[in-house]
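First up is the structure itself, then whatever we jot down about it.
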Amino acid sequence: MDEECHQKDVEKEPLLDEEHVTSLPPPPKTIPRSCYLICPVLLLQVFSYTIQQLVFVQYSYFIFTKTYFPNDTSNLTVLTQESTCARENSSEYEREAQSKIQALSSNLNIYVTLALAIPNIFSNLIIGSLSDVYGRKLFISIAMSGHFVKGVLLTLGTYFEINIYYFLLFSFIDGCTGSIMGTITAMLAFVADCTTPGKKRVIFITIIEMTLGLGALIGALVSGYIIKAFGYIIPNIFASGILALAVLIILCFLPETLNKKNKSPKGSLRKKSYDIIKFYIHRESHEDNRCLYVICIGVVICMGLCNHGRTNVETLYQLNTPFCWTSVLVGWYLAIRLASQTIAGVILLRLFMMCIPDELIAMFGAISSSGSFIMEALATSSVQLILVPVVGVGSMITGPIVKGFMSKITPSNKQGTLFAGIGFVEAMNNLLGTLAFNSIYSATVGSYKTLVFYIMACISGLAVILLLILKIVNSFGNGRVKMATETLDVPDMSSSSSSSGDVSASS
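At position 282 of the sequence shown (counting the first as 1) the number is 282 in full-length UniProt numbering, and the numbers step up by one without a gap.
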């Protein structure tokens, strides 16, 4: 009888006691100001990455167009699409060549993604796991420096107009050092060092997500104009200079946040790799806890596949008929989409958290993402295509909520390992998403080019189903999970966001 009363008292306890997440020393209650440096550093890298990505997609398109239309003088400058796509009196040969150019560009995107993502999968495992041993700053520096080297090589390759397929080597070098995914993996662990589980960590992770969107937004806006004004060489020089500045900030000003007490013991790389998957398969954790990890990573996979595979296909789709957009319009569209997903999305997130359970907020984000893909597939004019970001305004909400929840139920000395696993999954998403969707688009561009967007919509819909299962599992489990070596009361996500405004698992 006493045990039953005690059990009821335990289940009536409020939110997870933030001070007893693990037996390890908790992170500081106040975030050091120097820790906020990761935001401008990440902003600079994402800004540079976006410029490089858009420049390369359009540069490769220009090279293939120049090959098929060598006598067209408009192709000797920056790609305008007026010579082939928008020409009313195009011959049958020109229309077939246009489809061929689209297919070649799409296939090149596949090869570049493979060259980057395959080594990036393994480098992210190393970065996340070893950052628990050697610290975060070292691996942030390595990932950023490798990206800088790639930028320099892209500039030289564009200037000397070397064979476009040599650019694959540049992406391979970037992937071996972690690339932007390695930076994000180490920075998420950096955030976990600086914050306590709960509201502060949620807010900081949300800031990181906003920084990603803001950097991409600015890069998308700027890229179209500088490509139009200066061609393809100057934008690459500019992007490389931005990366050099970011590397200097890291080396000179960014602090190390992993203290000695929270460092994991040194071990073999094999053991560190096994630690990553232990969250999802090991039986030392409570079964409900493991189930939550598996469902959450499933949501990350579904949303990540679409997010990573979208941009390149979308750009080629916009360059093709019936839209025939220029580089400036492509940049503006991407900026509008990113602005709606980051700025407007975060505002919606904050409003929803006041009265709506977290799982339902995450579901709204997945539904919004699915709806945007359907809208994009149905669009037949530029005006309709511009409405796609409006429908997808909540697309970025799902990721922060799920990742924040996973971080909350993870010990502080395993944060790097957790985010290494998430980084591994995101690298796989980048590889498989770009590979699959570019292959589908390349195969169907001449017959049913919108099929790829319907497939993306279905995958986002699967995330909605997984989130519904997460809510059911979390409800039946009464919010109790086992963490590290002690059993802790993790709040039911549905109650935590509707009570007293706590955003404990919202990101």
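For glycine and all other residues, C-beta sits at the position ideal for the given N, C-alpha and C.
Because the structure is a prediction, the values reported are computed rather than measured.
Taking C-alpha atoms, which residue in 452, 48, 33, 40 lies nearest to residue 237? That would be 48, whose Cα lies nearest to the Cα of residue 237.
So for residue 79, helix, strand or coil by DSSP? Note that residue 79 scores a pLDDT of 46, beneath 50, so its modelled location is shaky; the value from the coordinates is reported in the next line. DSSP places residue 79 outside both helix and strand once states are collapsed to three, so it counts as coil.
For residue 153, which residues in the same chain have their Cβ closer than 6 Å to its Cβ, ignoring the five residues on either side in sequence? Result list for residue 153: 170, in chain order.
Could you name the residues of the same chain whose beta carbon sits closer than 6 Å to that of residue 423, not counting the 5 residues immediately before and after it, in chain order? 124, 128, 181, 185
What does the Cβ neighbour count give for residue 438, buried or exposed, with the cut at 16 atoms within 10 Å? buried
CB-CB length for residue 246 against residue 55, believed under 8 Å: Going by Cβ atoms, the distance from residue 246 to residue 55 rounds to 18 Å, so no, they are not a contact pair.
Quick check on DSSP: helix, strand or coil for residue 323? In the three-state reduction of the DSSP assignment, residue 323 falls in the coil class, being assigned neither a helical nor a strand state.
Starting from the Cα of residue 260, find the closest Cα among 413, 102, 372, 121 and give me that residue. 413
Where residue 372 and residue 396 are concerned, what is the direct C-alpha to C-alpha distance, given to the nearest angstrom? Counting only the Cα atoms, residue 396 lies some 12 Å from residue 372.
Could you tell me the alpha carbon to alpha carbon distance between residue 8 and residue 194, rounded to whole angstroms? Here the model assigns residue 8 a pLDDT of 45, short of 50, so the residue's position is not dependable, and the following value carries that caveat. The straight-line gap from Cα to Cα measures roughly 34 Å.
Rounded separation between residue 419 and residue 165 - CA only: 33 Å
From what residue to what residue does the alpha helix (DSSP H) around residue 426 run? 415–444
Assuming residue 258 and residue 95 form a contact by the criterion Cβ under 8 Å, report the distance between their Cβ atoms to the nearest whole angstrom. In fact, because the Cβ distance is near 58 Å, the residues do not count as touching under 8 Å.
Applying the 10 Å Cβ sphere with the 16-neighbour rule, what's the burial state of residue 75? Low confidence applies here, because residue 75 scores a pLDDT of 44, under 50, leaving its location unreliable and the question unanswered by this model.
Proximal residues to residue 115 (C-beta, below 6 Å), its chain only, five neighbours per side dropped: Counting only Cβ-Cβ distances below 6 Å, and skipping sequence neighbours, we find 168, 171, 172.
Using the rule of at least 16 other Cβ atoms within 10 Å of the residue's Cβ for burial, across every protein chain shown, is residue 569 buried or exposed? Because the chain spans 1 through 507 in this model, residue 569 falls outside it and cannot be assessed.
Should the region 338–346 be called in touch with the region 210–224, which here means at least 3 C-beta pairs below 8 Å? yes
Exposed or buried, what is residue 157 when buried is set at 16 or more other beta-carbons lying within 10 Å of its beta-carbon? By the 10 Å Cβ count, residue 157 comes out buried.
Is residue 306 closer than 7 Å to residue 407 when the C-beta atoms are compared? no
Measuring only the C-alpha atoms, how far is residue 392 from residue 369? 5 Å
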